[in-house]
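Novice: Residue numbers (the working numbering), protein chains in the order written: chain A, 525 to 828; chain B, 4 to 483. Glycine included, each C-beta is placed from N, C-alpha and C at the ideal position.
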Amino acid sequence: MSDFFSSGWSIFIAAATLISLAACLALLLFASRRAPMAADNSTGHVFDEDLVEMNNPLPRWWVVLFVLTVLFAFGYVWAFPGLGAMAGQLGWTSRGELAADQARSAAAVGQVFAVYAAVPAEKLAGDERAMAIGQRLFIQNCSACHGSDARGSKGFPNLTDDDWLHGGSPEKIEETITLGRTGVMPPMAAAVGSHDDVREVAQYVMSLSGSAHDAIAASGGRRKFAVCAACHGADGKGNTAIGAPNLTDKVWLHGWGEAAIVDIVEHGKINVMPPQGGRLPAAQIHVLASYVWSLSHSRPTASR
Amino acid sequence: MTRASVPIVAVAAGSGSLYISEAKIQPRAVSGWFATWRWLLVGLTQALFYGLPWLQWNGRQSVLFDLAARRFYVFGMVLHPQDVIYLAGLLILSAYGLFLFTAVAGRLWCGYACPQTVYTEMFLWVEHRFEGDRQARIRLDAAPWSMNKLARRGGKQTVWLAIGLWTGFTFVAYFTPARVLAGEVAALAVGPWEAFWILFYGLATYGNAGYMREQVCKYMCPYARFQSAMFDRDTLVISYDEKRGEPRGSRPRGVDPATIGRGDCIDCTLCVQVCPTGIDIRKGLQYECIGCAACIDVCDSVMDKMQSPRGLIRYATQNGMANGWSRREMWLRIARPRVLGYAGVLAVMAVAFVASLAMRAPLAADVVRDRGALARLVEGGAVENVYRMQLMNATEETLRVRVDVEGLRGATLVGGAAVTLAPAEARWVPLAVQLPTEAAQSLGAGAHAMQFRVARLGEGTGADAVLFERREKSTFVIPR
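Here's what the structure looks like:
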């Protein structure tokens, strides 16, 4: 027990518990032997001039029950941790009980998921029950960032479109959920050049997706884009192997417009998807990944 | 009005101990008008209790509390944990019902319908069959062990245990379907908690009805003590007519007691022998009296034999007894503020309870805003808010539900929301509400009130008809 500075408190609690229990027994013994009654069966106490306290005896079974509860208490503190820091003979701990509960529930839940473990995601996506389970898993574990409808928000990818930073195959999604991802965009201001150069690159990036842009600036940025091409590719279509986003679609994870792009190029960005492998069993991740995959393929019947 | 003084009677005077071993009470069997009523109520309550788990409804058990699935089936109703208010309402109704008839006629509940009384009555009946009536049982208690005693005791114990275990089984059958549970018991494959509750409830019934009996009423029951708070001097209680009965003493049959200077009471002590709590009603109203009226039944039969009028012991009010009122005069006092107050509250509660159940929505909905992101901007500058709605089907039919957004000009539900709910299903449905740029700009930044309309749609030809709708308030956030 690290809650206390010394073992004194533990001893105090143990002593207080045992003395209290013993005192209960002593009181019962004392009261059953004592015969303090006056001849009229009153206790001899008179209150407010004429209010007499009569002896109205308790039934014996009540006393027996009382004694049994005290004996039970002795047995209890012997078996369970009740006397200060003593662990009790059964070695019970609340942590151990939690672990046992979790193991039991994991075994019960495991049976449900074991059925789906060998089923490929493409097939699971058509299984209404599996998708209902997947949706609940998603709401409990993923919706805080990606939103209840999985369509994300600024900084948190939309999972229902066909744009995938790290690949959209069921296997890749499972890998992303299990191991997590860290997307790194290094600050590129020094490599690109001056602030105006960065603005020109931004205009060029906007032109890639056919968004409204300044054509003159964009043509200037075209040459400077060479430093970006290492990751995003010469055509700006990105590279899912290293998580480099496709710049030619109209998906803007960290904000749209020149200012947002300039900010990213100058200051970089690190975006983290935390690994779930330690939190969720692989069988659950498989169902979850199938659900996520289904969001951008066949629409799940569960929510639409 | 003079206040009657209650003579103080010491219990077990002279023992001096603070504890005593309570004497065993062997009540004599009784028959009569009130005993018949009690047996009717025993039959009614037990037919309900033992019978309901076997009654099927909509292809399932009529009354079933499915704790694991958190669904509570009561005939045609499916209750969710969110409906716990009805349990509170039921308890309030029960409490005011108890208050009302206790104020009118004392401990009617204790005397006729309380499980402690009902099971004790059943166990006493079994005891009577095996061991005979009061005198025979007292003799048997005193007799040394013999084959005869062993057989009688053994038979009684067997039947008692069987009733107790059947009661425990029935109790658990309200939580695990009776037919399933019966199979489990037959296969000796009962779950640990089911086994615990069958044995615990069964043995508690056996112990309370077989052995504890009046001790439960005297020392354990909280109602026993607080019911006296509902009594007043106009409450009908079981009363001994002291003016008529005293001085008590025996007399030959057919002799007018007045001519020999005696009252109507022949001091046969049958009223004491039949009393399940072992009191002498002739000493006046006592806290042990559970109002079973056994003494009335037996005294009436004695008065019939003695050719005296019935009612030496009868339901009467303290005022009525003191002033010599007729039964009609006593009943006229029923319209007093206490009774009217209880009746009024009970009536209001009952109407509210029934109306609320009748108007209970077939469909419950709760909306929760996504907390991770207040709002998001999507392509074209439109603003989106994401919500999660829990839809609960409170019926046993499949429900077709449509969700719309209202109260926010231009707002639409992305993808629409048509949901099909299986019977008794509860499900989370994600909803995204989109507001076009212009509408968002004209409203300005901040949280704006809006609501979701949840409509239950008709089936088949009336597929677009709205059978039921409800609205859930929420807010829509437009970022700066």
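Taking CB distances under 9 Å as the criterion, tell me whether Lys774 (chain A) reaches chain B.
Specialist: Yes, its Cβ sits closer than 9 Å to a Cβ of chain B.
Novice: Just checking, does the segment 172-185 of chain B make contact with the segment 45-57 of chain B on the three C-beta pairs under 8 Å criterion?
Specialist: Yes: the two stretches touch, three or more of their Cβ pairs being nearer than 8 Å.
Novice: By the DSSP assignment, the beta strand (DSSP E) with Gly2 (chain B) in it spans what residues?
Specialist: Nothing about residue 2 (chain B) can be reported from this structure: the residues present for chain B run from 4 to 483 only.
Novice: Thinking C-alpha only, which one of B:Asn396, B:Glu475, B:Val417 is nearest Met80 (chain B)?
Specialist: Closest option to Met80 (chain B), Cα to Cα, is B:Asn396.
Novice: Identify every residue that forms a DSSP beta bridge with Ser677 (chain A).
Specialist: In DSSP, Ser677 (chain A) forms a bridge with A:Phe680.
Novice: For the pair the segment 752-772 of chain A and the segment 686-694 of chain A, tell me if three or more CB-CB distances fall below 8 Å.
Specialist: Touching, yes, given that three or more Cβ pairs across the two stretches are closer than 8 Å.
Novice: By how many angstroms is the C-alpha of Arg182 (chain B) removed from the C-alpha of Ile284 (chain B)?
Specialist: Each residue's alpha carbon lies about 47 Å from the other.
Novice: Can you tell me whether Trp303 (chain B) is buried or exposed, with buried defined as 16 or more other CB within 10 angstroms of its CB?
Specialist: For the sequence presented, residue 303 (chain B) should be read as Asp rather than Trp. Burial call: buried.
Novice: Kindly indicate the opening and closing residues of the beta strand (DSSP E) around Arg405 (chain B).
Specialist: Here the beta strand (DSSP E) through Arg405 (chain B) covers 402-409.
Novice: Quick check on the DSSP output: the alpha helix (DSSP H) that includes Met333 (chain B) runs from which residue to which?
Specialist: First-last of the alpha helix (DSSP H) with Met333 (chain B): 330-335.
Novice: Per the DSSP calculation, Ile23 (chain B) is bridged to which residue(s)?
Specialist: Answer by DSSP bridge pairing, in chain order: A:Pro583.
Novice: Tell me where the beta strand (DSSP E) around Gly568 (chain A) begins and ends.
Specialist: Where Gly568 (chain A) is concerned, the enclosing beta strand (DSSP E) stretches over 566-571.
Novice: For the segment 66-128 of chain B, list the beta strand (DSSP E) runs that are entirely contained and at least 3 residues long, ordered along the chain.
Specialist: The segment 66-128 of chain B contains these whole beta strand (DSSP E) runs: 66-69, 74-77, 80-82.
Novice: May I ask which residues mark the beginning and end of the beta strand (DSSP E) holding Asp307 (chain B)?
Specialist: Careful: Asp307 (chain B) lies outside any beta strand (DSSP E), inside the alpha helix (DSSP H) at 297-308.
Novice: Using CA coordinates, which residue listed in B:Phe68, B:Val240, B:Gly213 is at the minimum distance from Trp112 (chain B)?
Specialist: If we check each option's Cα against that of Trp112 (chain B), B:Val240 comes out closest.
Novice: For Phe680 (chain A) and chain B, any beta-carbon pair shorter than 9 Å?
Specialist: Yes, because at least one Cβ of chain B sits closer than 9 Å to the Cβ of Phe680 (chain A).
Novice: Sort out for me which residues DSSP pairs Leu51 (chain B) with in a bridge.
Specialist: In the DSSP output, where bridge partners are listed per residue, Leu51 (chain B) has none listed.
Novice: Please work out which residues of its chain come closer than 7 Å, Cβ to Cβ, to Tyr600 (chain A), disregarding the five sequence neighbours upstream and downstream, and give them in chain order.
Specialist: Around Tyr600 (chain A): Gly606.
Novice: Kindly list the residues whose CB is nearer than 8 Å to the CB of Leu96 (chain B), restricted to its own chain and excluding five residues on each side of it in sequence; keep chain order.
Specialist: Correct list, in chain order: Leu349, Met352, Ala353, Phe356.
Novice: So Leu168 (chain B) and Gly109 (chain B) are in contact, right, with Cβ under 8 Å, and what is the actual spacing, rounded?
Specialist: Rounded, the Cβ-Cβ distance is 34 Å, inconsistent with contact.
Novice: Rounded to the nearest angstrom, how far is the Cβ of Ile788 (chain A) from that of Met709 (chain A), given a contact under 8 Å?
Specialist: With a Cβ gap of about 6 Å, Ile788 (chain A) and Met709 (chain A) count as contacting.
Novice: I'd like the list of long-range same chain contacts for Gln85 (chain B), defined as Cβ closer than 8 Å, with 5 residues on each side in sequence excluded.
Specialist: Cβ neighbours of Gln85 (chain B) beyond the five flanking positions: Ala367, Met395.
Novice: Is the segment 112-131 of chain B touching the segment 281-295 of chain B, taking contact as three or more C-beta pairs under 8 Å?
Specialist: Judged by Cβ distances under 8 Å, the segment 112-131 of chain B makes contact with the segment 281-295 of chain B, as three or more pairs qualify.
Novice: Only counting runs of 3 or more residues, tell me where the beta strand (DSSP E) segments fall wholly within the segment 214-286 of chain B, in order along the chain.
Specialist: Runs of the beta strand (DSSP E) inside the segment 214-286 of chain B: 240-243.
Novice: Using DSSP bridges, identify the partner residues of Leu575 (chain A).
Specialist: In the DSSP output, where bridge partners are listed per residue, Leu575 (chain A) has A:Phe571.
Novice: Please state if the CB of Thr684 (chain A) and the CB of Pro799 (chain A) are separated by a distance shorter than 9 Å.
Specialist: No. Outside cutoff.
Novice: Does Ile900 (chain A) come out as helix, strand or coil in the three-state DSSP assignment?
Specialist: Outside the shown range of chain A (525 to 828) lies residue 900 (chain A), about which nothing can therefore be said.
Novice: Going by alpha carbons, who is nearest to Phe596 (chain A) out of A:Leu545, A:Gly801, A:His670?
Specialist: Nearest of A:Leu545, A:Gly801, A:His670 to Phe596 (chain A), Cα basis: A:Leu545.
Novice: Which partner residues of Glu472 (chain B) appear in the DSSP bridge assignment?
Specialist: Note: Glu472 (chain B) sits in a beta bridge opposite B:Ala458.
Novice: When the distance is taken between beta carbons, is Glu790 (chain A) closer than 9 Å to His737 (chain A)?
Specialist: Result no, Cβ atoms of His737 (chain A) and Glu790 (chain A) do not sit closer than 9 Å.
Novice: Closer than 8 Å by C-beta to Ala638 (chain A): which residues in its own chain qualify, once you throw out the five before and the five after it? Chain order, please.
Specialist: So the list reads Ala807, once near-sequence residues are dropped.
Novice: If the cut is a Cβ gap below 9 Å, which residues of chain A does Val389 (chain B) touch?
Specialist: Going along chain A in sequence order, the residues near Val389 (chain B) (Cβ under 9 Å) are Ser667, Gly671, Ser672, Asp673, Arg675, Ser677.
Novice: Taking a cut of 8 Å between CB atoms, which residues from the segment 167-198 of chain B lie near chain A?
Specialist: From the segment 167-198 of chain B, no residue has a Cβ closer than 8 Å to chain A.
Novice: Can you pull the chain A neighbours of Ile23 (chain B), defined as C-beta to C-beta under 9 Å?
Specialist: The answer, in chain order, is Pro581, Leu582, Pro583, Arg584.
Novice: Suppose you measure from the CA of Pro769 (chain A) to the CA of Ala421 (chain B); what does that come to, to the nearest Å?
Specialist: Approximately 34 Å, taken between the alpha carbons.
Novice: Suppose you measure from the CA of Cys669 (chain A) to the CA of Val371 (chain B); what does that come to, to the nearest Å?
Specialist: Approximately 15 Å between the Cα atoms of the pair.
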